[in-house]
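Novice: Residue numbers (mature numbering (1 follows the signal peptide of the UniProt record, and there is no 0)): -21 to -1, 1 to 93. Backbone N, C-alpha and C fix where the C-beta goes; we use that ideal spot for every residue, glycine too. Remember, it's a predicted structure, so these values are computed and weren't measured experimentally. Sharing a structure with you now.
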Amino acid sequence: MHKSTLALAVALGVLAQQAGAAGFVEDSKLSVSSRTMYFDNDNRETGGSDQRETAQGFKADYLSGFTEGTVGFGFDAQAVWGIHLDGGKGHHPNNNNFFPSDTDGSAVDQWARI
């Protein structure tokens, strides 16, 4: 009797999971966000250069639902895109993490990552 009660409990748990699981496409979500970033570091008093940059960043997040079954599978993806708006030549610091540098030491115009 104890094994049948355990089997019934497991079966009910699996059925409850299936009833509450949404479909792969039906429960998917896409969100897009943006940020404007500004970096300013005035080192002219200490003999350094004036470092400043402005950029616009976009981020897209896709979250799928899960497939039905005992083990549900899903798919998540993220894409980011950065656009360099301003800073001017000579204002891009070579040692920052704000925006990637081009081969001539200036900031790249844009970059993306998936």
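Are the CB atoms of Gly44 and Phe3 within a distance shorter than 7 Å?
Specialist: Cβ atoms of Phe3 and Gly44: closer than 7 Å.
Novice: Work out the CA separation of Thr33 and Asp19 for me, nearest whole Å.
Specialist: If I take the Cα positions, the gap works out to 9 Å.
Novice: Taking the CB atoms as reference points, tell me whether Asp29 and Asp21 lie closer together than 7 Å.
Specialist: A contact, by the Cβ cut-off of 7 Å.
Novice: Quick check on the burial criterion: 16 or more other C-beta atoms within 10 angstroms. Buried or exposed for Gly61?
Specialist: With 16 or more other Cβ atoms within 10 Å, it is buried.
Novice: Give a yes or no on whether the C-beta atoms belonging to Gln35 and Leu9 are separated by under 7 Å.
Specialist: Going by C-beta atoms, Gln35 is not nearer than 7 Å to Leu9.
Novice: According to the Cβ coordinates, are Ser12 and Lys38 closer than 7 Å?
Specialist: Result yes, Cβ atoms of Ser12 and Lys38 sit closer than 7 Å.
Novice: Rounded to the nearest angstrom, what separates Arg14 and Asp88 at their Cα positions?
Specialist: Computed Cα separation, rounded: 17 Å.
Novice: Classify Ala91: buried if its beta carbon has 16 or more other beta carbons within 10 angstroms, exposed otherwise.
Specialist: So Ala91 counts as exposed.
Novice: Considering Glu32, what are the terminal residues of the beta strand (DSSP E) in which it resides?
Specialist: Note, Glu32: beta strand (DSSP E), 29 to 42.
Novice: Of all the beta strand (DSSP E) runs that stay within the bounds of the stretch 3 to 32, which reach a length of 3 or more residues?
Specialist: Taking only runs of at least 3 residues, the beta strand (DSSP E) segments lying wholly in the stretch 3 to 32 are 8 to 21.
Novice: Whole angstroms is fine: what's the gap from Asp83's alpha carbon to Thr46's?
Specialist: Each residue's Cα considered, the two are about 49 Å apart.
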